[in-house]
DNA sequence: CACCCGGGTGCAAACGTTTGCATGAACATC
DNA sequence: GATGTTCATGCAAACGTTTGCACCCGGGTG
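Protein chains in written order, with the UniProt record's numbering: chain B, 1 to 332; chain R, 1 to 332.
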């Protein structure tokens, strides 16, 4: 049915092994034979069968990219960049979504393991132990997660968080709430840690709230708890949560940034467009997607551990932060 | 290295063919043998090698999903739904991005063809002829594109567009601009056609503008042309364009919806959050992703052509539309 | 001239499955 | 008790590549 290497061999009058070499080890075959083979292949519309090749070489030329939620606007640009970079090197990529569930994630990785040469694990919710264990079956690169023994691409969200706290303190805030994210999230821990350290340094009080789901609803429902506390500013786990919080605060009759300053994390396109526009920590997602694939491919092809790469983040100031209103602290 | 069917056979004291059948044709093997085999497989951590299986069965258990731009917020929910549905049926999915370029799209499909059992082509920019031709190599289902001879999932954007025009006319608008999208886009043509027909029916004038790139920048730069015309309302190709247009109009000193009403298409999350919130045509992306995979799998497994499915769209009215200001038509 | 070297090619085994066919056992039928 | 039927299993060929090895041939070296 489909045209195989054998057809090309017959058509060009050489042995299949020569055709094979013409495609995968060009230097081993005489230049004129090669062009003859290529011409025949072209004429017949031959394309190497990657499954067969995989069977023989133990290389699939496929990669996996595993994220928590494709529809979360944080991920698509990262996926896009990763996919583009992989394609550049002639790899195809499976994209899968774990629905934020560790069990699903684990099963997914297992089912993918034999089928890919490596996988990019973005914001994994798995325990370090499990990741390390799975990492014996498939080469991994983890993004936004620190796992010892594995190559990591980290976005230095702590730095952006410190900038955010600096910014809020400079505006005059002394009580800052932080909406904590999923406890399994490295990013969430980093934000929390950096916020605490930074607040302490400034002599400001930090009020942890949550954890809530990392969604708009999660932010919305956190509004009541924030409003009942002394905080005049809040640091949200991500833009979606920040937005939900803003809507929740408005529903409670508070205005942002008048009564409450809000800063998000991720700098998704939503942050630029929502009302009010969102002060947020910009994350280098494109660089992470591309870099993650680079590391992964380096690891896969050379076997070396490429180590850890850290990328900068920075605060983008927009409309959702302002000085606290004079009477704000006295509220309640 | 990896554990194969042979290891399982040895471990459980049966022939490899029995192990194979235990996995892929359970009813052909005695129940007790089967459990013994399964136990051995479990003990050894055996997973069937899909590449080998593919070689032998001519089925890869992989599907492709091809979209114009992963980062365009229209696509991620569709991809997510498609991926989830595929996974449910034990298929893995390759996701690829064509960067809105027909050449890339074609090459992508060719390189994927041998490797998947079928592909979902979303909002393809290819000519019908080329699609039909490629469709001889791989089973396709096309989304938002009508190609004769191929199963299609169509979002009835014409209906939503008519609702939009009805809505604008009801508000009092008589001059409506339409920002046309990429000429290769079926959706763009549908919108244009439905708008014309609907405007004519109401005796309103329709003013085509563009085509501009289907991006925020595209909308932004279209603002000048719209402002210099008589239109008091505009129908944009998608939410991103609508948003860009709003920003462009604001930059020209016009207020939305005061001086200009704007309606988008897609109902992406941006529409809910931008300022002003966007009146837009809601697209059934999740249903399309899931349904597309259903059709594709039906086609792949049975060989039948499952025909065409049409999904409803509906207008969601928000803040970006209002009656025209009295003097608006006299502007210029 | 004998020798070796190396580039170019063919040969065949391997990769891990599936599957049509053959075999054999158990059992029912007349 | 011979014959047929069914069920479970083994056997081996196939799927489309890659790759170590053997071979041939032309040309350089001593």
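Heads up, the beta-carbon is just placed ideally off N, CA and C, and yes, glycines get one too.
Nearest to residue 125 of chain B by alpha carbon, out of B/188, B/84 and B/159? As a first step, residue 125 of chain B is located in the first chain; it is residue number 125 there, counting from the start. It is B/188 whose Cα lies nearest to the Cα of residue 125 of chain B.
Excluding five sequence neighbours on each side, which residues of the same chain lie with their C-beta closer than 7 Å to the C-beta of residue 59 of chain B? In the first chain, counting from the first residue as 1, residue 59 of chain B sits at position 59. Result list for residue 59 of chain B: 117, in chain order.
Tell me whether residue 207 of chain R sits in a helix, a strand or coil according to DSSP, three-state version. Here residue 207 of chain R refers to the residue found at position 207 when the second chain is read from its first residue. Note: residue 207 of chain R maps to strand in three-state DSSP.
Starting from the beta carbon of residue 83 of chain R, find every residue of chain B whose beta carbon is closer than 8 Å, and list them in chain order. The residue given as residue 83 of chain R occupies position 83 in the second chain. Near residue 83 of chain R (Cβ distances below 8 Å), the residues of chain B are 70, 95, 96 and 97.
Relative to the C-alpha of residue 61 of chain R, which residue among B/217, B/34 and B/94 is closest? In the second chain, counting from the first residue as 1, residue 61 of chain R sits at position 61. That would be B/94, whose Cα lies nearest to the Cα of residue 61 of chain R.
Grab me the residues of residue 323 of chain R's own chain with a C-beta within less than 6 Å of its C-beta, minus the 5 sequence neighbours each way, in chain order. Stepping through the second chain from its first residue, residue 323 of chain R is reached at position 323. Result list for residue 323 of chain R: 171 and 172, in chain order.
Using three-state DSSP, classify residue 252 of chain R as helix, strand or coil. As a working note, residue 252 of chain R is residue 252 in the second chain. Looking at residue 252 of chain R - three-state DSSP - the assignment turns out to be coil, as it is neither helix nor strand.
Which residue marks the beginning of the beta strand (DSSP E) containing residue 333 of chain R, and which one marks its end? The structure shown has nothing for residue 333 of chain R, since chain R only spans 1 to 332.
Distance, Cα to Cα, residue 265 of chain R vs residue 160 of chain R? Position 265 of the second chain, counted from the first residue, corresponds to residue 265 of chain R. Position 160 of the second chain, counted from the first residue, corresponds to residue 160 of chain R. If you take the alpha carbons of residue 265 of chain R and residue 160 of chain R, they lie about 9 Å apart.
Neighbour list for residue 60 of chain R in chain B, Cβ cutoff strictly below 7 Å: In the second chain, the residue the question calls residue 60 of chain R occupies position 60. Those within 7 Å of residue 60 of chain R in chain B are 51.
Less than 7 Å between C-beta atoms, sequence neighbours within five positions excluded: which residues of the same chain meet that for residue 183 of chain R? What you label residue 183 of chain R is simply residue 183 of the second chain in a count that begins at 1. Excluding positions up to five away in sequence, the list reads 211.
Does residue 155 of chain B get closer than 9 Å to chain R when you measure Cβ to Cβ? Looking up residue 155 of chain B in the first chain gives position 155. Cβ-Cβ to chain R under 9 Å: no for residue 155 of chain B.
Extent of the continuous alpha helix (DSSP H) to which residue 93 of chain B belongs: Residue 93 of chain B sits at position 93 when you count from the first residue of the first chain. No alpha helix (DSSP H) holds residue 93 of chain B; the beta strand (DSSP E) holding it covers 92-97.
Minimum C-alpha distance to residue 181 of chain R - residue among R/147, R/242 and R/156: As a first step, residue 181 of chain R is located in the second chain; it is residue number 181 there, counting from the start. Comparing Cα-Cα distances from residue 181 of chain R to each of R/147, R/242 and R/156, the minimum goes to R/242.
Pick out the complete beta strand (DSSP E) segments inside the stretch 99-158 of chain R, 3 residues or longer, and give them in chain order. 118-122, 140-143 and 152-155
Any chance the stretch 286-295 of chain R sits against the stretch 125-135 of chain R, with 3 or more Cβ pairs inside 8 Å? no
Which complete beta strand (DSSP E) runs does the stretch 227-279 of chain R hold, if anything under 3 residues is left out? 233-235 and 261-266
Please check the pair residue 313 of chain B and residue 157 of chain B, which I expect to be a contact at CB under 8 Å, by giving their CB distance rounded to whole angstroms. Indexing the first chain from 1 puts residue 313 of chain B at position 313. Indexing the first chain from 1 puts residue 157 of chain B at position 157. So it is a contact: roughly 5 Å between Cβ atoms.
If you draw a straight line from the C-alpha of residue 252 of chain B to the C-alpha of residue 220 of chain B, how long is it? In the first chain, the residue the question calls residue 252 of chain B occupies position 252. In the first chain, the residue the question calls residue 220 of chain B occupies position 220. Computed Cα separation, rounded: 10 Å.
Taking buried to mean at least 16 other C-beta atoms within 10 Å of its own C-beta, is residue 57 of chain R buried or exposed? Along the second chain, one-based indexing puts residue 57 of chain R at 57. Per the 10 Å Cβ criterion, exposed.
What residues of chain R sit near residue 275 of chain B, judged by a beta carbon separation below 9 Å? On the first chain, position 275 is the one that residue 275 of chain B refers to. Residues of chain R passing the Cβ test: 273, 274, 275, 276 and 277.
State the CB to CB distance for the pair residue 293 of chain R and residue 82 of chain R, rounded to an integer number of angstroms; the pair is presumed to be in contact (CB under 8 Å). For this step, residue 293 of chain R is matched to residue 293 along the second chain. For this step, residue 82 of chain R is matched to residue 82 along the second chain. Sure, about 5 Å apart at Cβ, within 8 Å.
Which partner residues does residue 311 of chain B have in the DSSP bridge list? Taking the first chain and counting its residues from 1, one reaches residue 311 of chain B at position 311. Paired residues: B/155.
Beta-carbon proximity check, residue 76 of chain B vs residue 73 of chain R, cutoff 9 Å: Taking the first residue of the first chain as position 1, residue 76 of chain B is located at position 76. Taking the first residue of the second chain as position 1, residue 73 of chain R is located at position 73. Yes, they are a contact pair.
Which of the three DSSP states is assigned to residue 191 of chain B in this structure? Your numbering for residue 191 of chain B matches position 191 in the first chain. Here residue 191 of chain B sits in helix by DSSP.
Give the residues of chain B in contact with residue 73 of chain R, contact being defined as C-beta atoms less than 8 Å apart. Start at 1 with the first residue of the second chain, and residue 73 of chain R comes out as number 73. Ordered by position in chain B, the residues that pass the 8 Å Cβ test against residue 73 of chain R are 73, 76 and 269.
Are the C-beta atoms of residue 112 of chain R and some chain B residue less than 9 Å apart? The count along the second chain starts at 1 and reaches residue 112 of chain R at position 112. Yes - at least one Cβ of chain B is within 9 Å of the one on residue 112 of chain R.
In the DSSP assignment, what residue or residues form a beta bridge with residue 176 of chain R? Within the second chain, residue 176 of chain R is the residue found at index 176, counting from 1. Per DSSP, R/206 and R/233.
Between residue 329 of chain B and chain R, is the shortest Cβ-Cβ distance under 9 Å, so that the two count as touching? Numbered from its first residue, the first chain carries residue 329 of chain B at position 329. The predicted model places residue 329 of chain B with a pLDDT of 44, which falls under 50 and marks its position as unreliable, so this point remains unresolved.
Secondary structure of residue 7 of chain R, DSSP reduced to three states: To locate residue 7 of chain R, count along the second chain from 1; it is residue 7. Helix, per DSSP.
Taking its Cβ as the centre, do 16 or more other Cβ atoms sit within 10 Å of residue 26 of chain R, making it buried, or is it exposed? Reading the second chain from its first residue, position 26 is the one you call residue 26 of chain R. Counting Cβ neighbours within 10 Å, residue 26 of chain R comes out exposed, since fewer than 16 surround it.
Going along chain B, which residues have a C-beta under 8 Å from residue 47 of chain R? In the second chain, residue 47 of chain R corresponds to position 47, counting from 1. By Cβ distance, chain B contributes 110, 111, 113 and 114.
Exposed or buried, residue 332 of chain B, counting other C-beta atoms within 10 Å across all chains shown (16 or more means buried)? Looking up residue 332 of chain B in the first chain gives position 332. The predicted position of residue 332 of chain B is uncertain, since its pLDDT is 42 and thus under 50; a value taken from the coordinates is nonetheless stated next. Result: exposed.
Give every residue of the same chain whose Cβ lies closer than 6 Å to the Cβ of residue 169 of chain R, excluding the five residues on either side of it in the sequence, and list them in chain order. On the second chain, residue 169 of chain R is found 169 positions in, with the first residue counted as 1. So the list reads 202 and 204, once near-sequence residues are dropped.
What do you reckon, is the C-beta of residue 248 of chain B under 8 Å from a heavy atom of the ligand PLP? No copy of the ligand PLP occurs in the structure displayed, which carries no ligand at all.
Check residue 316 of chain R in the structure and name its three-state DSSP category. Within the second chain, residue 316 of chain R is the residue found at index 316, counting from 1. Strand.
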